[in-house]
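Below you'll find the structure, written out as structure tokens, and then a few comments.
Protein chains: 2
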Amino acid sequence: MSAFPVLHHHLLFLRPRLHLSLRPFSPRLRRPVFFSAASVQCSSASSSSSSTASRDDIDEVAEPPGVPSPPGSGRETQQLIDVNPPRGTRDFPPEDMRLRNWLFQQFREVSRILSFEEVDFPVLESEALFIRKAGEEITQQLYNFEDKGGRRVVLRPEITPSLARLVIKQGKSVSLPLKWFTIGQCWRYERMTRGRRREHYQWNMDIIGVPRVRAEAELVNAIVLLFERLGITSSDVGIRVSSRKVLQAVLQMYAIPERLFAEVCVIVDKLGKITNEEVEKELIIAGVTSEAVKGIVEVLSLTSLDKLEAVLGSDVEAIADLKKLFSLAEHYGYSQWITFDASIVRGLAYYTGIVFEAFDREGKLRAICGGGRYDRLLSTFGSDDIPACGFGFGDAVIVELLKEKGLLPDLGRQVDDIVFPLDEELEGQASMVASTLRRKGHSVDLVEEKRLKWVFKHAERVNASRLILVGNSEWQRGMVRVKVLSTREEYETKIDELN
Amino acid sequence: MSAFPVLHHHLLFLRPRLHLSLRPFSPRLRRPVFFSAASVQCSSASSSSSSTASRDDIDEVAEPPGVPSPPGSGRETQQLIDVNPPRGTRDFPPEDMRLRNWLFQQFREVSRILSFEEVDFPVLESEALFIRKAGEEITQQLYNFEDKGGRRVVLRPEITPSLARLVIKQGKSVSLPLKWFTIGQCWRYERMTRGRRREHYQWNMDIIGVPRVRAEAELVNAIVLLFERLGITSSDVGIRVSSRKVLQAVLQMYAIPERLFAEVCVIVDKLGKITNEEVEKELIIAGVTSEAVKGIVEVLSLTSLDKLEAVLGSDVEAIADLKKLFSLAEHYGYSQWITFDASIVRGLAYYTGIVFEAFDREGKLRAICGGGRYDRLLSTFGSDDIPACGFGFGDAVIVELLKEKGLLPDLGRQVDDIVFPLDEELEGQASMVASTLRRKGHSVDLVEEKRLKWVFKHAERVNASRLILVGNSEWQRGMVRVKVLSTREEYETKIDELN
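Below is the structure:
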């Protein structure tokens with residue numbers, strides 16, 4: 295089954311989150327049943343089927359292609375293809391798509407309220423855009439490959455570098471500041487993929503051309519507005535804030551060379567994910583003295599701005615920036631959402647100033663979103679720098695949180711009218727009725743070759759407002775029968791008066 | 295016509311449309327200029343630079359990676375990266391994104407009116423899903439590669455096979471018919487890429503589970519509704535209709551084996567694109583007798599159903615299906631849009647019945663959209679067949695047509711309020727005003743560190759409704775100054791009464 299991903303037991307916990315609004319399927323059907331319906335056709339493949347349970351760990355071993363007879367017109371027996379999407383990717387059946395559309399609509403609405411403009415970039419990018427030496431997880435898990443023209447390309451792991459590229463491309467033709475948002479799919483490729491997906495969608499908001507902290511304050515405003523609109527409160531979620539300039543100041547205190555900055559940030563970001571000892575070891579390998587390591591770990595444990603000020607002194611930019619942000623937060627009215635936490639560093643190499651991430655206060659989930667200032671990214675691409683900051687907000691953790699808090703909306707189908715001919719020979723007449731109502735903007739489901747009982751059940755399932763029955767005797771009088779489904783009211787109306 | 299619109303030389307005139315409101319770039323910068331601005335920094339690369347003008351044609355020669363020093367924190371001089379997206383792909387700056395969103399909104403609205411449900415599938419799929427032996431252009435231009443796990447994957451060239459996969463996966467858990475739509479990106483990879491794009495977006499509508507022609511009639515209803523909503527009339531555009539069963543009947547007349555059917559269709563679809571002689575040659579190589587070739591070419595030249603009936607007889611399914619479709623078209627009220635044209639075959643192997651494509655009556659452009667019935671696709675994947683039909687509608691040709699007809703909308707930015715502190719020390723107060731209005735759902739642009747003159751110009755540029763000035767003396771009285779930009783009305787209002 296070479297090209298085909300095998301889904302295993304971890305789907306058991308991934309699925310319930312992702313298919314929240316799905317009506318329950320038979321567990322058999324939710325599982326990777328390769329030969330379920332068609333197994334009779336294809337008994338030779340049953341041995342593969344039995345090995346699926348332990349495939350999680352051996353995923354990366356290339357398998358023989360499983361000799362499928364290529365689909366074509368002349369085949370006689372074709373074994374069932376893998377009906378699952380490639381490993382780590384998702385289909386969006388209607389229920390899941392409604393949820394995704396609803397969530398994206400919230401992202402878009404908040405972006406509109408903040409007066410950001412929507413942009414987009416190719417999901418396929420040049421690899422060079424994402425090659426950085428700081429050892430970030432994101433660059434180690436690139437979904438990269440060589441195209442047929444010999445170019446190194448990637449399915450982008452994040453959006454910011456593409457955005458920076460477009461900013462450079464547009465050059466002086468645009469007036470700063472830019473306030474851009476996008477919702478796009480991002481990819482990663484991991485060797486070990488236990489329960490993790492290879493793609494997710496990410497809402498990004500970025501402000502380009504504002505050097506001062508009020509840009510970050512705007513971004514936090516957007517995030518808080520989103521939470522509020524979703525029904526999430528500041529007792530559910532908080533936003534931890536720090537600044538890369540804190541680390542910068544500590545490194546300066548210990549005379550650590552500036553060129554180690556990005557790498558140190560990336561290593562330090564692993565605190566809490568790997569042991570302190572491992573982090574310290576990596577820092578020492580990177581060239582940080584053990585004295586400085588101690589100093590770093592100590593400072594990063596602080597959660598009080600006053601204490602930070604006592605350590606770093608009051609004249610460092612880190613303190614001024616953070617104070618400014620907390621002062622603006624009061625004006626915006628979202629103070630209760632944000633806290634200072636020096637341990638927030640974020641894992642991307644290019645951040646230079648304020649960094650932040652939103653987290654659930656119960657501490658059950660990964661970061662909900664994260665971002666920061668990246669004033670020096672453009673020069674890594676050979677352009678003049680422009681101050682910038684932004685955040686990425688994934689589609690996975692927020693849905694988990696909404697589920698947990700019981701805040702997921704009930705998103706059903708919605709249809710205005712169901713048109714049903716009571717007689718097969720009236721299908722043309724029913725088409726005419728449907729067509730007329732559609733020209734008026736009604737959402738019309740034209741149903742045929744079903745029993746009336748099915749039609750009523752269907753009407754309920756799709757939340758139809760009206761059922762319009764096209765019957766012979768009514769039609770001859772130029773009429774159709776209308777049933778208003780909420781009130782059970784029923785009446786006849788002239789076809790050309792149907793609204 | 296494959297599912298991909300072919301962009302040749304007319305990309306030259308496509309660009310100005312897609313970048314309508316962009317101020318002009320230097321032509322040099324619109325091309326893949328790898329070392330433009332930074333070439334001074336990087337004289338070793340100047341030889342590459344001088345060859346940029348002709349790069350379009352030699353694209354497929356693998357280039358040396360241009361020795362970029364990988365972006366990181368410690369770099370000193372970095373040559374300018376290529377600011378263009380990968381060859382054949384697009385960025386969507388705000389102006390282009392507005393156009394795309396507007397077009398997609400039309401697609402979605404028509405889909406809603408037809409009561410279709412939205413779905414989506416991974417843009418990365420298993421290659422096996424797209425391997426067919428009939429020689430289609432679409433399968434010859436697969437954007438395929440091997441992932442790090444040794445799997446053959448593709449950036450999907452079309453959406454129908456993924457949809458079929460999901461239908462099989464959902465199995466008996468869903469009630470037929472399904473009416474699904476999606477808007478997704480599709481990819482192809484060509485060796486020669488003069489002016490052709492490698493990706494486009496495609497709107498797909500599919501009906502699964504309806505064997506009769508009324509399903510096709512619904513699809514045509516959707517397409518016509520879209521055109522009408524866009525302001526396109528039936529004198530601008532027509533929809534040519536035929537049926538694969540026409541060819542099937544001809545092959546039967548000449549006793550050509552059924553297994554050649556798909557391949558013959560794919561070859562015959564090339565009529566008009568390559569010479570008749572070449573088509574005939576390919577047919578003979580495929581195993582069609584020269585007598586049959588003659589018969590095929592003759593029948594495909596017919597544009598009258600009566601004449602077709604005279605040749606094939608009245609008892610063939612092709613005639614019955616087509617008659618039914620034309621009869622339904624009258625009921626729907628879109629007869630003036632559709633014509634019978636036996637030369638319509640479509641280039642996809644899996645069509646089995648009615649096929650159609652929309653075209654501009656001036657004949658300047660490629661097909662605007664195309665589709666048909668594919669009742670036997672599911673069995674090529676090893677499942678039981680379910681009757682199905684659908685169409686794909688790309689985002690490229692329709693935009694060209696709208697441009698030509700002057701029907702592209704004027705899509706500007708739209709902002710409700712611009713909040714501007716007249717004094718830098720009022721930035722907190724301005725943030726409060728912005729935050730308050732945003733909580734009420736207003737779209738608010740908070741502008742700072744600009745001159746008032748700039749703010750007025752900006753207000754015009756973003757079509758702002760109001761300008762809210764936060765000034766010291768007003769603020770001390772608990773007031774702000776409001777300017778309504780359309781009427782030039784100006785007044786003071788209490789902060790908590792601002793709506």
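Protein chains in written order, with the working numbering: chain A, 295 to 793; chain B, 295 to 793. Just so it is clear, CB atoms sit at the ideal spot from N, CA and C, and this is done for glycine as well.
Against Asp500 of chain A, chain B offers no close residue; the least beta-carbon distance is about 12 Å (beta-carbon pairs closer than 8 Å).
Pairwise C-beta distances place the segment 718–730 of chain B in contact with the segment 745–765 of chain B, as three or more of them are shorter than 8 Å. Contact annotation: the segment 567–584 of chain A does not touch the segment 598–609 of chain A, with fewer than three C-beta pairs closer than 8 Å. DSSP, reduced to helix, strand and coil, places Lys442 of chain A outside both helices and strands of the structure shown, so it counts as coil. For Pro703 of chain A, the closest alpha carbon among the candidates A:Cys683, A:Val693, A:Glu419, A:Ala612 is that of A:Val693.
Using a Cβ distance threshold of 8 Å, Gln400 of chain B and Leu524 of chain B count as a contacting pair.
With respect to Glu651 of chain A, Ala661 of chain A sits close: the two C-beta atoms are nearer than 8 Å. Shown here, Leu763 of chain A sits in a strand according to DSSP, grouped into three states. Here Leu460 of chain B has Val413, Phe415 as same chain residues with Cβ atoms under 8 Å from its own Cβ, once five neighbours each way along the sequence are excluded.
Note on Trp748 of chain A: under 16 other CB atoms within 10 angstroms of its CB, so exposed under the neighbour-count rule. For Asn395 of chain A, a Cβ of chain B is located within less than 8 Å of the residue's own Cβ. If you check each beta-carbon in the segment 622–634 of chain B against every beta-carbon of chain A, the ones closer than 7 Å belong to Leu622, His625, Tyr626, Gly627.
Minimum Cα-Cα distance from Cys663 of chain A among the listed residues A:Pro451, A:Glu403, A:Gln496, A:Asp390 corresponds to A:Gln496. With distances taken between CA atoms, Arg384 of chain B lies nearest to B:Ala690 out of B:Arg745, B:Val514, B:Ala690, B:Gly706. At a Cβ-Cβ threshold of 8 Å, Pro451 of chain A and Ile425 of chain A do not count as neighbours. Here DSSP, grouped into helix, strand and coil, assigns Ser420 of chain A to strand. Only exposed fits Leu746 of chain B, as fewer than 16 other CB atoms lie within 10 angstroms of its CB.
Going by DSSP, Tyr548 of chain B is part of no beta strand (DSSP E) at all; its letter is neither H nor E. Remark: C-beta atoms of Asn498 of chain B and Phe685 of chain B approach each other more closely than 8 Å.
Within chain B, the residues whose beta carbon sits less than 8 Å from that of Pro416 of chain A are Pro379, Pro380, Thr383, Arg384, Asp385, Glu493, listed in sequence order.
Nearest C-alpha to Asp790 of chain A among A:Ala758, A:Lys734, A:Phe750: A:Lys734. In the structure shown, the three-state DSSP call for Tyr645 of chain A is coil. With contacts defined by Cβ atoms closer than 8 Å, Arg640 of chain B and Gly666 of chain B form a contacting pair. Ranked by how close their Cα comes to the Cα of Asp441 of chain B, the residues A:Asn438, A:Lys442, A:Gly443 have A:Asn438 in first place. In the DSSP assignment, His625 of chain A is bridged to no other residue. One finds nothing in chain A with a Cβ atom closer than 8 Å to the Cβ of Asn766 of chain B; even the nearest lies about 16 Å away.
Our two residues, Cys559 of chain B and Leu619 of chain B, have alpha carbons roughly 21 Å apart in a direct line.
In this chain, Ile632 of chain B is not harboured by any alpha helix (DSSP H); it is covered by the beta strand (DSSP E) spanning 632–634. Residue contact with chain B for Ala580 of chain A: absent (no Cβ-Cβ distance below 8 Å to any residue of chain B).
According to the DSSP secondary-structure assignment, Asn570 of chain B is paired through a beta bridge with no residue. For Pro715 of chain B, the three-state secondary structure derived from DSSP is strand. Thr476 of chain A is classed as buried because its beta carbon has at least 16 other beta carbons within 10 Å across all chains shown. One thing to note: Ala758 of chain A has its Cβ no nearer than 8 Å to the Cβ of Val713 of chain A.
For a cut-off of 8 Å, the C-beta gap from Ile648 of chain A to Val518 of chain A is around 15 Å, too long to register as a contact. Counting along the chain, Gln434 of chain B sits inside no beta strand (DSSP E); it lies in the alpha helix (DSSP H) bounded by residues 431–434. Among the residues facing chain B, Tyr645 of chain A is not included, as its CB has no counterpart in that chain under 8 Å away.
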